[in-house]
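Everything on this sheet refers to the single structure shown next.
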Amino acid sequence: PLSRLGLSAGLASRMFNAGLVIRDDHGVPMPYLAQEVPQLNTANWRLSPDGTMETVYRLKSKTTWQDGEPLSADDFVFAYEIYSAPAFGLASSTPMNIMDGVTALDPQTVRVHWKRTYPDAAALDGGITGMSSPAAFPPLPRHLIGQAFASQDVEAFVANPFWTTQYIGAGPYKLDQWETGAFVEGIAFDGHILGKPQIPRIRLLFISDPNAAIANLLSGTANLTTGDILRFQEMQTLQQQWPDGKYVVFFSTYRITQFQRKPAYASTAAFLDARVRQALAHGVDWDSLNEALFEGQGLRSTGPIQPSTAYYGDLDKVVAHYPFDSRRTEQLMTDAGLTRGLDGVWASRDPAIGRMSFETNVLASPASDNEMHIMADTWRKLGFEVKEVDWSPAQGQDNEVRNTFPGLSTTSTPSGEQAMSEYRSDRIPTPQNRWTGNDRGAWPGSPDYDGLADVWETSLDRNDRIRSVIEMNKVMNDQVVVINLYWNLFGQAYANGVVGPRSTDPSTTAEWNIHEWEFR
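Our numbering puts the sequence shown at residues 421 to 940.
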């Protein structure tokens, strides 16, 4: 059965970082640096008649940074000054775009002012993977980088060694060594507010090759894997070679194909037409993908909401599905005004569209390459001229490259309700926001969609939020904003001696309680 162990690729963020609260394995916010979680309609969470709010967090006494200096409310004020500065690309992201200011009522008391209602206002955490959580608001040490922030330009400040080899946080582990491209090592922080970690030292190895990961596990050099290093096939191989290990098969991210719509980068304007996008969606042979990638055990996705979600059945009934249908592809392309030439390739008299010749790319890996070959081959048979392109790991880490592809780009992307709001019209990645965001094909959105996203982001009524998610998913599928492919099947493996990781709710990660883990 599928289960979510949830050891994220951002394990380092959890090791070295901390927030006001932390979500437990059920996804429930628990006090971390704060004494308690604010409760609505109390002195700690007040809603004003004009729709604005304020939340108050009182810090636990004797909270310190890993260098021994006191951690105070002013460190959250300072963090807000940085995160809300447009030059750093976070100001338009949630929750910064909803905050109206942060003040220190006294050294132990943080007050957050909100422009409008925000259901996660009482769940400000350290970020699931850095700043990726929709409620991420980790503090920053003014005593260490305050002067640099005041005196350095943006590029120099971003390059400051504090963010890498000289990082100081408030998490359970203190950075001890950082060998660029090889590993990061942390030692247990005695002053961690939730208690000193049981494991005295943890080394994170940077391994991108699944075979190398398996070799490290078999040799005892590594004791667990994180993120998506082990795909379905590698997991099966490892189970045969490492019978003493523990294994969890899970999905957390899903696979999509994005269309390039930015005129400055798009090789064709055809992807602006929903009928063309629908035609390509109907041209994905799911059965062939499933057999090749998952031996028939895969699960096709309908969007970012996981099938285990309580309301998924209601959502699945109303959103559009795109089964493989060559006749439907042909009809949609004809309706869009294209005809097949003597070479069999669709073409338009509109020079902005021209021949349906485009590039499709993936981040190079055996599984992704196999997926790309199957999809491209099927599209070719349906009248599309497709060039296959592999991205290197460096290209995959470059936000500008990931947002300026000329044709189609197939990628894995985070799941969950938050993923829906990434497609608001004001969340499109641009050079001005340092290419931040997941709408890499620049779907322009619509006022109606933005309104639905507003409901999800602001309503304090859970049922209203669910209804808005379902409607957003419906719009995205009707418009084929992206082609939904399938849920990634990943494996995580860990030695029998590792005690502590357990299955978690999708809104959190298994390393939330890493300070309690043991290695026996």
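Quick reminder that beta carbons are idealized off the backbone N, C-alpha and C, glycines included.
Could you tell me the distance, in whole angstroms, from the CA atom of residue i to the CA atom of residue j?
i: A1025; j: D898; result: No statement about residue 1025 is possible, as the shown extent of the chain runs from 421 to 940 and does not include it.
i: E931; j: F557; result: 18 Å
i: G857; j: S513; result: 8 Å
i: L713; j: S923; result: 24 Å
i: A507; j: I613; result: 32 Å
i: G911; j: I622; result: 21 Å
i: R940; j: I619; result: 9 Å
i: K480; j: N636; result: 40 Å
i: N883; j: T584; result: 42 Å
i: P727; j: R562; result: 43 Å
i: L872; j: V889; result: 8 Å
i: G439; j: H446; result: 18 Å
i: L638; j: Y503; result: 42 Å
i: N631; j: N580; result: 35 Å
i: P826; j: Y685; result: 5 Å
i: W706; j: P743; result: 8 Å
i: T798; j: P851; result: 35 Å
i: R844; j: V448; result: 27 Å
i: V457; j: R536; result: 19 Å
i: G764; j: A784; result: 29 Å
i: L564; j: N437; result: 15 Å
i: G591; j: L735; result: 38 Å
i: Y587; j: D629; result: 27 Å
i: P921; j: P617; result: 14 Å
i: E654; j: N790; result: 14 Å
i: A689; j: I773; result: 5 Å
i: A796; j: R695; result: 19 Å
i: G874; j: M840; result: According to the sequence shown, residue 874 is Asp rather than Gly. So the two alpha carbons sit approximately 11 Å from each other.
i: A862; j: D444; result: 35 Å
i: A701; j: A642; result: 41 Å
Classify residue i as buried or exposed, calling it buried when 16 or more other Cβ atoms lie within 10 Å of its own Cβ.
i: P786; result: exposed
i: R424; result: Only weak support is given to the placement of R424: the predicted model assigns it a pLDDT of 49, under 50, and the question is left unresolved by the model.
i: V532; result: buried
i: Y731; result: exposed
i: M551; result: Here the model assigns M551 a pLDDT of 39, short of 50, so the residue's position is not dependable, and the following value carries that caveat. That one is buried.
i: K737; result: exposed
i: L802; result: buried
i: L758; result: buried
i: G606; result: buried
Let me check understanding here. Comparing Cα to Cα, which of the options lies closest to residue i?
i: Q698; options: M840, A740 and A767; result: A740
i: L828; options: W876, M776 and N437; result: M776
i: I634; options: G665, L692 and P458; result: G665
i: L719; options: F652, F626 and L783; result: F652
i: V604; options: M435, Q817 and R562; result: M435
i: A543; options: A570, V441 and Q455; result: V441
i: T673; options: A694, N437, F679 and G647; result: G647
i: P559; options: L510, V497, T529 and D540; result: V497
i: Q567; options: F582, P554 and A555; result: F582
i: T946; options: D444, N823 and W766; result: As shown, the chain starts at 421 and ends at 940. That puts residue 946 outside it, with no answer to give.
i: E501; options: G591, A570 and A642; result: A570
i: L510; options: T475, P554, K616 and P469; result: P554
i: V704; options: T749, A694 and G611; result: T749
i: P864; options: K682, D881, V782 and G640; result: K682
i: F691; options: F679, A701 and H702; result: F679
i: P724; options: D470, L880, L491 and Y906; result: Y906
i: G547; options: D526, A524, M516 and Q528; result: M516
Does DSSP classify residue i as helix, strand or coil?
i: W876; result: helix
i: M519; result: strand
i: K801; result: helix
i: Y452; result: coil
i: T856; result: coil
i: A913; result: strand
i: T475; result: strand
i: D755; result: helix
i: V457; result: coil
i: A608; result: strand
i: K682; result: coil
i: I725; result: coil
i: S845; result: helix
i: F603; result: strand
i: A524; result: strand
i: K666; result: strand
Is there at least one Cβ from chain D nearer than 8 Å to residue i's Cβ?
i: Y742; result: Among the chains in the structure shown there is no chain D, since it carries only a single protein chain.
Check whether the Cβ of residue i sits closer than 7 Å to any heavy atom of the ligand NAP, and report yes or no.
i: N636; result: Among the components of this structure there are no ligands whatsoever, and the ligand NAP is therefore not found.
Whether or not the region 800 to 813 and the region 848 to 864 are in contact is what I'm after, with contact meaning three or more pairs of Cβ atoms, one per stretch, closer than 8 Å; do they touch? The region 848 to 864, when compared against the region 800 to 813, does not touch it at the 8 Å Cβ threshold.
Three or more C-beta pairs closer than 8 Å, one from the region 904 to 921 and one from the region 595 to 606: is that the case here? In short, these stretches do not touch, since the Cβ pair count stays below three.
Using 8 Å as the Cβ pair cut-off and three pairs as the minimum, do the region 883 to 895 and the region 663 to 672 touch? Contact fails: fewer than three Cβ-Cβ distances are below 8 Å.
Can you find at least 3 beta carbon pairs, one from the region 831 to 842 and one from the region 856 to 876, that sit closer than 8 Å? Contact annotation: the region 831 to 842 touches the region 856 to 876, with at least three C-beta pairs closer than 8 Å.
With a cut-off of 8 Å, do at least 3 Cβ pairs link the region 569 to 579 to the region 461 to 469? As far as the Cβ criterion goes, the region 569 to 579 does not touch the region 461 to 469, which means the pair count is below three.
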